[in-house]
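Structure first, commentary second.
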Amino acid sequence: MDKKRAAAILLAVSLAVPALIGAAKLFGPKPGEDTQALAARAEAAETLRDFVTTLDAADDQTYTAWYTTGTGLAIVSANEPPRHVYRSPAGQYVSGPEATYACRTPENERPVCARTAGVDGVPLTHARALIELLQGSFAAPEVIASWLSRAATNPPGKVIRSEQVHAEQAGSCVAIEKVFTACATPLGVLTYFESPDAKLTLTQFKAGAPAAEMFSLPKGAAVTDGEPG
508 MDKKRAAAIL LAVSLAVPAL IGAAKLFGPK PGEDTQALAA RAEAAETLRD
558 FVTTLDAADD QTYTAWYTTG TGLAIVSANE PPRHVYRSPA GQYVSGPEAT
608 YACRTPENER PVCARTAGVD GVPLTHARAL IELLQGSFAA PEVIASWLSR
658 AATNPPGKVI RSEQVHAEQA GSCVAIEKVF TACATPLGVL TYFESPDAKL
708 TLTQFKAGAP AAEMFSLPKG AAVTDGEPG
């Protein structure tokens, strides 16, 4: 297993469970908390849940978003419900009701696409597989939403709210110091995410129907039946 793939698998594990700096430290009980502290944690949980609800709204939007990961990898995400696509130089994921394709596009080699049953949206199991498929320390918004939902069950600290602009898109942000920062537009499009393990920054955004070729499989790809990733 090469170093990039090993690093991607480690990232998948770290984001699939609430373990960015240790699950026990983040989500363990808080003995001796007074009423004010408990109220603050309840408020933090509500803030995180509201943010996840906003992220979920992106599934119903039609747009194309371009991102850069912390390693400098370019990622494109296109949404035209019920179809969704993620693309990078290393791979491509296309989902829709008729079929789902996870394609590897290695340089100077024939692309290979694994075809599975059609889906509505992007299942969390598929989103986790994208971390390794697309490489570049990429964390799909679906994985980020899942992690934040877990964090909301027992917030690891005070949630700080702010506003940031990325690619001319204003976003509301939530953050817990040294744990994560996440930003999204009012329509749910993720504009920024940073944790000790991953970083994703929106660099360009276009509302409306994506270009038709966004959903096309790589030219000359060999298609087989198998699991995404």
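Everything in the sequence shown is counted per the numbering used here, starting at 508 for the first residue and increasing by one. Ideal Cβ placement from N, Cα and C applies to all residues, glycine included.
Under the DSSP assignment, D732 falls in the beta strand (DSSP E) whose first and last residues are A729 to D732.
Per DSSP, reduced to three states, the secondary structure at Q676 is strand. Assignment of A652 by DSSP, reduced to helix, strand and coil, places it in the helix class.
In terms of CA proximity to G579, F645 leads the group L655, T688 and F645. Between L562 and the set A728, E649 and Q671, the nearest pair of CA atoms involves E649. About 13 Å separates the beta carbon of S595 from that of A572, a gap too long to meet the 8 Å contact definition. Within the stretch 679-716, the runs of beta strand (DSSP E) that reach at least 3 residues and sit entirely inside it are, in chain order, 687-691, 697-701 and 706-714. DSSP places E616 outside any alpha helix (DSSP H), giving it a letter other than H or E. Take I667, set aside five residues on each side of it, and the residues of its chain with a beta-carbon closer than 6 Å to its own are A682, in chain order.
Contact between A551 and P662 holds: their C-beta atoms lie close to 4 Å from each other, under 8 Å.
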